[in-house]
Amino acid sequence: MKHPLFASVLCLGLGCSWQTTSWAAESATVTQLLAEYQQAGAAEFSVEAGKALWEKSFPTADGKQRSCTACHHLDLSKAGEHVRTGKTIAAMAPNANSERLTKLKKVRKWLKRNCKWTLGRVCNAQEKGDLLVFLSANQ
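Positions -24 to -1, 1 to 115 (mature numbering (1 follows the signal peptide of the UniProt record, and there is no 0)) are the ones given, in order, by the sequence shown.
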């Protein structure tokens, strides 16, 4: 399986000094979820496919369009704002938000909730994996 964490894992093995506990938690969480998604039948994950899904607009029942970027931005290092509630959403890039992608239960919850709200359905294993490698690549 190829994914953008290779350089990070290599650095982890070499003992690079920039490692943090939150990075290790993010790496473990993402690695576990990617393994689960592959067991569920997903193929190789793609940063490009994740980016395309992140930027794609999906029609809603009322004719409006929704996309991940509507709330989260194209620049993952910036905070976003929920289009309906106006609530601030912390940056998605793990290097801008050390808590991002660190808690397994939270990642599962938000992927489920946001896929349903944005796409109008639950994301499949391939889509979830592609999104995770895209978000992880934005270090």
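Glycine residues also receive a C-beta, built at the ideal position from the N, C-alpha and C atoms.
The structure presented is a predicted model; accordingly, all values stated were derived computationally and were not measured.
Distance, LYS88 Cα to PHE21 Cα: On the sequence shown, position 45 is the one that residue 21 refers to. On the sequence shown, position 112 is the one that residue 88 refers to. If you draw a straight line from the Cα of PHE21 to the Cα of LYS88, it is about 18 Å long.
THR45, DSSP secondary structure in three states: The residue given as residue 45 occupies position 69 in the sequence shown. Helix.
Within its chain, find whatever has a CB closer than 8 Å to the CB of LEU9; leave out the 5 residues flanking it on each side and keep chain order. If you number the sequence shown from 1, residue 9 lands on position 33. Cβ-Cβ distances below 8 Å link LEU9 to LEU80, VAL83, ARG84, LYS104, GLY105, LEU108 in the same chain, with the five nearest sequence neighbours on each side left out; the list follows chain order.
Are the CB atoms of ALA67 and GLY56 nearer to each other than 9 Å? Here residue 67 corresponds to residue number 91 of the sequence shown, with the count starting at 1. Here residue 56 corresponds to residue number 80 of the sequence shown, with the count starting at 1. Yes, they are a contact pair.
Among residues of its own chain, excluding the 5 on either side of ALA72, which ones have a beta-carbon nearer than 6 Å to its beta-carbon? Position 96 of the sequence shown, counted from the first residue, corresponds to residue 72. Answer for ALA72: SER53, listed in chain order.
Rounded to whole angstroms, what is the Cα-Cα separation between ALA46 and ALA16? Counting from one through the sequence shown, the residue named residue 46 turns up at place 70. Counting from one through the sequence shown, the residue named residue 16 turns up at place 40. Distance between the alpha carbons of ALA46 and ALA16 is about 29 Å.
By DSSP, does GLY26 sit in helix, in strand, or in coil? As a first step, residue 26 must be located in the sequence shown, where it is residue number 50. Looking at GLY26 - three-state DSSP - the assignment turns out to be helix.
Residue environment, SER112, which counts as buried when at least 16 other CB atoms sit within 10 Å: Within the sequence shown, residue 112 is the residue found at index 136, counting from 1. Label assigned to SER112: buried.
Can you list, in chain order, the residues of its chain with a C-beta nearer than 7 Å to that of ILE65? Leave out the 5 residues immediately preceding and following it. Start at 1 with the first residue of the sequence shown, and residue 65 comes out as number 89. Around ILE65: CYS47, HIS48, ALA55, GLY56, GLU57, HIS58.
For LYS40, is the classification buried or exposed, using 16 other Cβ atoms within 10 angstroms of its Cβ as the cut-off for buried? Counting from one through the sequence shown, the residue named residue 40 turns up at place 64. Label assigned to LYS40: exposed.
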